[in-house]
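A short worksheet on the structure shown next.
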Amino acid sequence: METKHRCTWCEKDDLYRNYHDNEWGKPVYDDATLFEFLILETFQAGLSWYTVLAKRENFRRAFDHFDWNKIAHYSEEKMAALAEDSGIIRNKLKIKATVTNAQAFLKVQEEFGTFSKYIWGFVNGKPIDNTPETLAAVKATSEISDKLSKDLKKRGFKFVGSTVVYAHMQATGMVNDHVMDCFTRK
Numbered sequence: 001m002e003t004k005h006r007c008t009w010c011e012k013d014d015l016y017r018n019y020h021d022n023e024w025g026k027p028v029y030d031d032a033t034l035f036e037f038l039i040l041e042t043f044q045a046g047l048s049w050y051t052v053l054a055k056r057e058n059f060r061r062a063f064d065h066f067d068w069n070k071i072a073h074y075s076e077e078k079m080a081a082l083a084e085d086s087g088i089i090r091n092k093l094k095i096k097a098t099v100t101n102a103q104a105f106l107k108v109q110e111e112f113g114t115f116s117k118y119i120w121g122f123v124n125g126k127p128i129d130n131t132p133e134t135l136a137a138v139k140a141t142s143e144i145s146d147k148l149s150k151d152l153k154k155r156g157f158k159f160v161g162s163t164v165v166y167a168h169m170q171a172t173g174m175v176n177d178h179v180m181d182c183f184t185r186k
C-alpha cells in the first residue's frame, strides 16, 4: 500500500486529512463557498481551524446554510439565539460580524456582479503557487492579504485581518501552500 505524503498539519485525524485532501487549496470561484469560508475563517480568529472545522455542520445549520441574504437580515433575537447555540462558537462579536459581513458581501456583489470576481481580482484570477518546501516556509500573511484585508475593512467587513484573509486565500485556493512533497501537487 502506497503512503500518501501530506502537509504535516493535517495528520491529526480523518476530519483534517479529508479537508486537506479534498478542499484546502483547491480553487473556489462560487460565491456560496467563498462566503462559507469567509464566515468560518472569521470565527477561527484566535482559535484553531480544527475547532471550527469540527463544528462546521453546526455552523451550516445555525446560519441557514450560509445564505447571506437571510443572514444580512438577522434580528437581534436571532443573534441572541445563536449566542446560546452550544454547537457553534458563541462569540457575540463574531456573530454580529457575520451579519455585518453578509451585508457587506451583498454590496460587493452589487458592485462587482459576484464576490468571486472581486476577491479573485486581487490575484488576477488565478492561484499563486508558493511552492513551500516545508510547513515552516508557509507564511501567515502576504502583501496581497494585507491589501485585501485593508480593502475588505474599508468595505465594512469585520474580523478580516491579514492573517484571517490569508487563511481564507489558502482555503479557497487563491494561494497554493501545499508543501512540495504533498501528494495533492501531483
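For what it's worth, this note's numbering labels the leading residue of the sequence shown as 1, then goes sequentially. Ideal Cβ positions, reconstructed from N, Cα and C, are used throughout, including at glycine.
1) With DSSP as the reference, label residue 89 as helix, strand or coil.
2) If I measure Cβ to Cβ from residue 115 and keep anything under 8 Å in the same chain, skipping five residues before and after, which residues do I get?
3) Closest to residue 96 by CA distance: which of 112, 74, 113 is it?
4) What's the call for residue 176, buried or exposed, on a 16-neighbour Cβ count within 10 Å?
5) With H, G and I counted as helix, E and B as strand and the rest as coil, what does DSSP make of residue 22?
6) What is the rounded straight-line gap between the Cα of residue 163 and the Cα of residue 184?
7) With distance defined between alpha-carbon atoms, name the residue in 123, 179, 5 nearest to residue 29.
8) What residue range is occupied by the uninterrupted alpha helix (DSSP H) comprising residue 35?
9) Just the C-alpha distance for residue 144 and residue 19, rounded to the nearest angstrom, thanks.
10) To which residues of the same chain is residue 40 closer than 6 Å at the C-beta, ignoring the five residues directly before and after it?
11) If distances are taken between C-alpha atoms only, which option among 60, 58, 98 comes closest to residue 76?
Taking the geometry as given:
1) Residue 89 falls in the coil class under three-state DSSP.
2) If the five residues before and after residue 115 are omitted, its C-beta is found closer than 8 Å to the C-beta atoms of 31, 34, 35, 105, 108, 109, all from its own chain and listed in chain order.
3) The residue among 112, 74, 113 with its C-alpha nearest the C-alpha of residue 96 is 74.
4) Result: buried.
5) In the structure shown, residue 22 falls within a helical segment according to DSSP collapsed to helix, strand and coil.
6) When the Cα atoms are used, residue 163 and residue 184 turn out to be separated by approximately 23 Å.
7) Comparing Cα-Cα distances from residue 29 to each of 123, 179, 5, the minimum goes to 123.
8) Element bounds for residue 35: 31-44.
9) Taking the straight line from one Cα to the other gives about 24 Å.
10) Excluding sequence neighbours, residue 40 sits near 52.
11) Cα-wise, what sits closest to residue 76 is 98.
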